[in-house]
Every structure is written in structure tokens, then in C-alpha cells.
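*Asks:*
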Amino acid sequence: MCKNLETIKGINNGESLKKIALEFEVCETTVGDWRRNKAQIEAFCSKMDSSKTFEERSTLKKAKTEKLDEAVYLWFEQQRTQGIPISGNILKEKALLLRQKLNENESFSASQGWLDKFKKRHGIRQLAIAREKLSVIKDSAKDFVERFEEMIEKENLTLDQIYIADKTGLFYRMMPSKSLASKEEASAPGYKKRTRVLRTISHVEGVQTLTTTLKYLEQRSDVTLIDLLLLKNWRDRAATDRNSGLLQRKVTDYFKK
Numbered sequence: 001m002c003k004n005l006e007t008i009k010g011i012n013n014g015e016s017l018k019k020i021a022l023e024f025e026v027c028e029t030t031v032g033d034w035r036r037n038k039a040q041i042e043a044f045c046s047k048m049d050s051s052k053t054f055e056e057r058s059t060l061k062k063a064k065t066e067k068l069d070e071a072v073y074l075w076f077e078q079q080r081t082q083g084i085p086i087s088g089n090i091l092k093e094k095a096l097l098l099r100q101k102l103n104e105n106e107s108f109s110a111s112q113g114w115l116d117k118f119k120k121r122h123g124i125r126q127l128a129i130a131r132e133k134l135s136v137i138k139d140s141a142k143d144f145v146e147r148f149e150e151m152i153e154k155e156n157l158t159l160d161q162i163y164i165a166d167k168t169g170l171f172y173r174m175m176p177s178k179s180l181a182s183k184e185e186a187s188a189p190g191y192k193k194r195t196r197v198l199r200t201i202s203h204v205e206g207v208q209t210l211t212t213t214l215k216y217l218e219q220r221s222d223v224t225l226i227d228l229l230l231l232k233n234w235r236d237r238a239a240t241d242r243n244s245g246l247l248q249r250k251v252t253d254y255f256k257k
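When we follow full-length UniProt numbering, the leftmost residue of the sequence shown carries the number 1, and every step to the right adds one.
(1) Check the C-beta distance from Leu102 over to Val72 and give it rounded, since I have them as a contact under 8 Å.
(2) Identify whether Arg125 lies in helix, strand or coil by the three-state DSSP scheme.
(3) Going by DSSP in three states, Ala110 sits in which element: helix, strand or coil?
(4) Provide the residue span of the alpha helix (DSSP H) that contains Gln100, from first to last.
(5) Among Ala110, Thr81, Val26, which residue has its Cα nearest to the Cα of Thr65?
(6) Taking a contact to mean a Cβ-Cβ separation below 9 Å, would you say Ala95 touches Leu74 in this structure?
(7) Mark Phe76 as exposed unless 16 or more other C-beta atoms lie within 10 angstroms of its C-beta, in which case mark it buried.
(8) Less than 9 Å separating the beta-carbons of residue 259 and Leu225?
(9) Using only CA atoms, which one of Arg220, Arg235, Gln219 lies nearest to Gly206?
(10) What separation, rounded to the nearest whole angstrom, lies between the Cα atoms of Gly88 and Leu115?
(11) CA-CA distance, Thr59 and Arg121?
(12) Check Val72 in the structure and name its three-state DSSP category.
(13) Can you look up Arg57 in the DSSP assignment and give me helix, strand or coil?
(14) Among Asp241, Glu23, Asp222, Thr209, which has the Cα closest to the Cα of Leu231?
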């Protein structure tokens, strides 16, 4: 039956009946029958997988620290409900923290062996994260656009005072690409990263931004002379790079004529 399920996956991926029939050494009519009965086949295989998981869990011994085991699993379920990715290392660290809060007397080590048994007890497996699945919130986006337009009008901002920041390939404190998931989860949806966005700017924008910042900080009494000199040095370096870029552009444009 699981062989039949493999053929159904091939059909869902757009493979031809002829190719699948040759691969599994059956006639095309048989593959067609499997396709027509795919709902029953998928349901049967799912039931068999659940039974197998139940048998594996039934043979496992109870956790030595049952209260801690329940607390870790409850926390895990709460995080997954919010779409937060949880790796094995994160789960082990949380187990150690919860043990301290519960004041468990039993000796406990959040080892890889403990993690494997914990996952089997609760039917937890690892899934790749569908990063974009939970990222779009249309109402919030619409509300942001309206408030942003109001702010531009209220502050009388010009276009050169408005900057756009977008995601980039800066992998600092990168979120896990995979997550542990409970047996009820068919996929592991995730969010776009919104808390850390790297704003890369041009030399022209850098000079303007640093000049404005310098003027502001020069009026403050809590800013040291060293800080001001350092900022001025950055501003001057940005100005030098800007001028070099403008000169290179003029030379390039001249020889293009």
C-alpha cells in the first residue's frame, strides 16, 4: 500500500502514468486505478503511520521527571501554535531552564538521548519551515500605509528624507531553517524576519545622514568629543567615497560618448 502512495506522490508532482508504470513495473491501468483511489490509499497509510507511532510510544518507559516532561511539551505546543520554529538545541535549553524553575530533585541532563526519547514519547518530528506562509497580514499592511502617508503629510517630508529598507543576506542570529513539529502538524509555517533588517545606503545618503546626526549630537551635552570626532571621520570617509564614485561616473560617461 505504501508503494501505491509513492506512485500517487509522483502523479501529484506531474509525472506521467507511463513513467510511473515503468518505474514500479506495473501497467498504466493499475496506476490509473491508484490515482482514482488516492484518497482511500492516503487515509490508510496515514492510519498505519499513526498506529506505528502509537506502538513505538507505548513501548517507551515513562519519563523519570514526569512534571518536567509535561512542562516542556506544554511550552513546545504553545510555541508551535504561534508558528515559532523550535530546534532540538532550543528544546534542550528550555528543559534545563524549566528544571530550575520546578526545583526537580531528580538528576537530569538534557542530552541527545533525552531529546530522542522525548520526541518519540510525544510523536514529534522535524519539518522544513515554509518561511513565507504566515508572513502576510493584509490589514496591518494597509494600516501601516495609511499611517505612513499621514506622517509624511504631517511632518512635511520630502522624498530625499524617506528611505526604504529591505531584507538582505546578513545571517546574524539567523533563525532555524527547520523546526520540530507535533504529529498533528502537516507543515511548519514560519514568518518573515521583521525584527532585524539591515539598511544599506549609498555614499550620498551616508553623507547626508551623518551630517544631520553630527549637527544634532553637537547640541547635546552627554556626547563626548571622541564620539563626535569618530562620527566626523565616518562622514568624511563617506564623502571621499562619494566623490570618487562621482568622478568614476563622469569618466565612464565620457568614454561612452
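From the three backbone atoms N, C-alpha and C, an ideal C-beta is built for every residue, glycine too. Quick caveat: nothing in here was measured; it's all calculated off a predicted structure.
*Replies:* Taking the definition as stated:
(1) Not quite, the Cβ-Cβ distance comes to about 10 Å (not below 8 Å), so this is no contact.
(2) strand
(3) coil
(4) 88-102
(5) Ala110
(6) no
(7) buried
(8) With the chain covering 1 to 257 only, the question about residue 259 has no answer from this structure.
(9) Arg235
(10) 7 Å
(11) At Thr59 the pLDDT is 47, less than 50, meaning the model places this residue with poor confidence and gives no usable figure here.
(12) helix
(13) Confidence at Arg57 is low in this model, with a pLDDT of 46, below 50, so the placement of that residue is unreliable and no value is reported for it.
(14) Thr209
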